[in-house]
Every structure is written in C-alpha cells, then in structure tokens.
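In the numbering used here, the protein residues as written are 821 to 1116.
This is the structure:
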C-alpha cells in the first residue's frame, strides 16, 4: 500500500513511538480495522487506538481510492480541537498496510455499548455533548456526514466524543455520499439502483454528495438522540434496513409513545422532533439546539 509523502502530511509523525498491544482488532469498518496500542512519549505512556486499512487483495485503483479517503480523514481530523471531538494524536507507519491514524483509546467504547453497561448514565449530558461537538464542527464548516451511535465514543470521564471523519467534507472542498440508513436524512435517500458502485457501494463523486449539509447532520443527530434516550437503534421495530428508506421518505419517524420517557427526556424528545422535519430548511441550527438543551 503506498504511503503519503512527508511534505503532504502536516501532522505529528509518531512512528517508532506507537506499538500494537494486540494483533486482534476491536473495531472495524468496511475497509479499516482498529487495534489497541500504546504510545510512549518523553513524559508518559498512554493507551491508543490505531486505525489502519485492512490488508486484502484489491485492485490498484480501489487501493488508491481507499488510501485517499484515509488521508482525507486525517486532514479533516487533525485540525479539530474540542472536548467533544475525539483527539487526533498523529500518524504512524509500519503498523499495517497503510499509514495508521492514532487517537486516544476509549475503554468505555461507543455510546451504544456504554449505555448498555451504564443504563443510569446522564442521558441529557450525553445528548448535549454530541450537540456541542457537532456545533464545533459546523462552526468550522465541517459536515460530519456519518453521525451514528458507533461513531460516538465515551471518554474515561464520561464525555461523549465524535469520531470517524472518513466521510466528512469541508464545505466547498468536496466530500462523500454518506451515512447509515437509520440515521440518513430523507433528502439523502436515493434508490440504490440509481447510484453507481465504487469504494463502498456508492460513487464518492456522485451528485448526492452535494446534498450533504449541516441540516442533514442535524437530522442524523436527532436519530442519535433517540438512540441515547432509548438505548436502541432508531426504527427498532423495522428489522430490515432495506425497508427504511421508502418509509422515511414518506414521513416515518420514531414515535414518542413507543418509549418510556421521563419528563426531562420528553423535553429532549420535543427538541429532536424539530430536528427531523422533512424539509431541511425548517430544521434548527445545531447552535439553536445546544441553547435549547442547555436550558433543560
């Protein structure tokens, strides 16, 4: 796998200071795996997560496209500094078939697993953490484009932090079609047959990428909010994901009465309903959402 040359990498090179603790990955994506590792600097040692591309036989064109995506993720991620955005520590070579992306290891795992283990967690705080992280991204004109429960980790102090910028785009700088079906805004839902295949079953340069917006992020945030409040994926009664797009396009949304919510959680739900309206121009900004949640 070819590696990006040093002049093109404006972030810290941790090669020689990072090692894998295990050869078994603890998380994975379509073309990546994440391993637990250790990072030793002059002052201390800390546990880290090491994201590398999967070693597999693929065409050189596909390999190049995937590597370009990994480098794109690093370029977006390294410039982000916020308490509700997972810290990017740097890159390291020699740990896999590509340059590795290194970040702090979150022992609590993603927010879905965390809530299974800690059902008494402060869910308002977690929803607000996600909203504040997204508010920061939007303030930087970064669209996350793949917000879902797996891409929100919980730090050791209980903070929710956004991660996984492999699909993010900077406004006016291009990007990718995005998202998990259960969290995808109706304006992004297209018939699969209309979309040519590439790296992950969709054409990264297809015009749908132009539909990615802060408003589609706000919609995805609302679905994550449902997941945080309920501990279950959105549209829990629909087992087949292929049935979701058509229903969402017709106006299907989670129903409050299907969940047992406290009075505070009902107030959160009322805010989420504003975020998932069909017309993206009628959704509140994430800054407005943060203000409303902060008053609860």
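From the three backbone atoms N, C-alpha and C, an ideal C-beta is built for every residue, glycine too. Keep in mind that this is a model prediction, so the values were computed, not measured.
Segments assigned alpha helix (DSSP H), at least 4 residues, entirely inside the region 1018 to 1101 = 1034 to 1050, 1064 to 1069, 1083 to 1095
Residue 1109 beta carbon less than 8 Å from that of residue 1088 | As a first step, residue 1088 must be located in the chain shown, where it is residue number 268. As a first step, residue 1109 must be located in the chain shown, where it is residue number 289. For residue 1088 and residue 1109, no; Cβs fall outside 8 Å.
Could you give the distance in angstroms between the alpha-carbon of residue 873 and the alpha-carbon of residue 1072?
-> Counting from 1 along the chain shown, the entry for residue 873 is found at position 53. Counting from 1 along the chain shown, the entry for residue 1072 is found at position 252. Whole-angstrom Cα-Cα distance: 36 Å.
Could you name the residues of the same chain whose beta carbon sits closer than 6 Å to that of residue 975, not counting the 5 residues immediately before and after it, in chain order?
-> Within the chain shown, the letter at position 155 stands for residue 975. Taken in chain order, the residues that qualify are 926, 981.
Opposing strand residues paired with residue 1117 [DSSP bridges] = The question about residue 1117 has no answer, for the chain in this structure spans 821 to 1116.
Check the C-beta distance from residue 900 over to residue 908 and give it rounded, since I have them as a contact under 8 Å.
-> Position 80 of the chain shown, counted from the start, is the residue given in the question as residue 900. Position 88 of the chain shown, counted from the start, is the residue given in the question as residue 908. Correct: roughly 7 Å between the Cβ atoms.
Which listed residue (929, 940, 918, 1102) has its alpha carbon closest to that of residue 1038 = Here residue 1038 refers to the residue found at position 218 when the chain shown is read from its first residue. Among 929, 940, 918, 1102, the Cα nearest to that of residue 1038 belongs to 1102.
Starting from residue 951, follow the beta strand (DSSP E) in both directions and report where the run begins and ends.
-> The residue you call residue 951 lines up with position 131 of the chain shown. It is not in any beta strand (DSSP E) - residue 951 instead sits in the alpha helix (DSSP H) that spans 943 to 959.
Does the distance from the CB of residue 1044 to the CB of residue 950 come in under 8 Å?
-> As a first step, residue 1044 must be located in the chain shown, where it is residue number 224. As a first step, residue 950 must be located in the chain shown, where it is residue number 130. Yes. Within cutoff.
Where residue 939 falls, given that 16 or more other Cβ within 10 Å makes a residue buried | The residue you call residue 939 lines up with position 119 of the chain shown. Label assigned to residue 939: exposed.
What does a CB cutoff of less than 6 Å around residue 946 pick up in its chain, not counting 5 residues either side in sequence?
-> Translated into the one-based positions of the chain shown, residue 946 becomes position 126. Same-chain partners within the cutoff: 980, 1048.
Measure the CB-CB distance between residue 1065 and residue 1046 and report whether it falls below 8 Å.
-> The residue you call residue 1065 lines up with position 245 of the chain shown. The residue you call residue 1046 lines up with position 226 of the chain shown. No, the pair does not count as a contact, with Cβ atoms beyond the cut-off.
DSSP state of residue 965 mapped onto helix, strand, coil | Taking the chain shown and counting its residues from 1, one reaches residue 965 at position 145. DSSP places residue 965 in coil when its eight states are reduced to three.
Excluding sequence positions up to five away, which residues of its chain have a Cβ less than 7 Å from the Cβ of residue 864?
-> Position 44 of the chain shown, counting from 1, holds the residue named residue 864. If we look at residue 864 and ignore the five residues flanking it on each side, it has no Cβ neighbours.
Three-state secondary structure (DSSP) of residue 930 = Here residue 930 refers to the residue found at position 110 of the chain shown. Strand, per DSSP.
Does the Cβ-Cβ distance between residue 837 and residue 855 come in under 8 Å?
-> For this step, residue 837 is matched to residue 17 along the chain shown. For this step, residue 855 is matched to residue 35 along the chain shown. No. Outside cutoff.
Is residue 972 near residue 1032, with beta carbons less than 8 Å apart?
-> Against the chain shown, residue 972 aligns to sequence position 152. Against the chain shown, residue 1032 aligns to sequence position 212. Going by C-beta atoms, residue 972 is not nearer than 8 Å to residue 1032.
Secondary structure of residue 853, DSSP reduced to three states | The residue given as residue 853 occupies position 33 in the chain shown. In the structure shown, residue 853 sits in a strand (DSSP, three-state: E or B).
If you compare alpha carbons, which of 903, 904, 920 is closest to residue 895?
-> The sequence position of residue 895 within the chain shown is 75, counting from 1. For the residues 903, 904, 920, the minimum Cα distance to residue 895 belongs to 920.
Cβ-Cβ separation, residue 1002 to residue 1054 (assumed contact under 8 Å), whole Å = What you label residue 1054 is simply residue 234 of the chain shown in a count that begins at 1. What you label residue 1002 is simply residue 182 of the chain shown in a count that begins at 1. Their Cβ separation, rounded to whole angstroms, is 5 Å, which keeps residue 1054 and residue 1002 in contact under 8 Å.
Applying the criterion that 16 or more other CB atoms from any shown protein chain within 10 Å of the CB defines a buried residue, is residue 1082 buried or exposed?
-> Within the chain shown, the letter at position 262 stands for residue 1082. Flag for residue 1082 reads exposed.
Report yes if the C-beta distance between residue 934 and residue 928 is below 8 Å; otherwise report no.
-> Position 114 of the chain shown, counting from 1, holds the residue named residue 934. Position 108 of the chain shown, counting from 1, holds the residue named residue 928. Yes.
With DSSP collapsed to three states, give me the class of residue 1009.
-> On the chain shown, residue 1009 is found 189 positions in, with the first residue counted as 1. Residue 1009 falls in the coil class under three-state DSSP.
Once you ignore the five residues that flank residue 1050 on each side, which residues in its own chain have a CB closer than 7 Å to its CB?
-> If you number the chain shown from 1, residue 1050 lands on position 230. Answer for residue 1050: 1079, listed in chain order.
Evaluate residue 866 with the Cβ neighbour count: other Cβ atoms within 10 Å of its Cβ, from every protein chain shown; 16 or more gives buried, anything less gives exposed.
-> Locating residue 866 in the chain shown gives position 46, where the first residue counts as 1. Per the 10 Å Cβ criterion, exposed.
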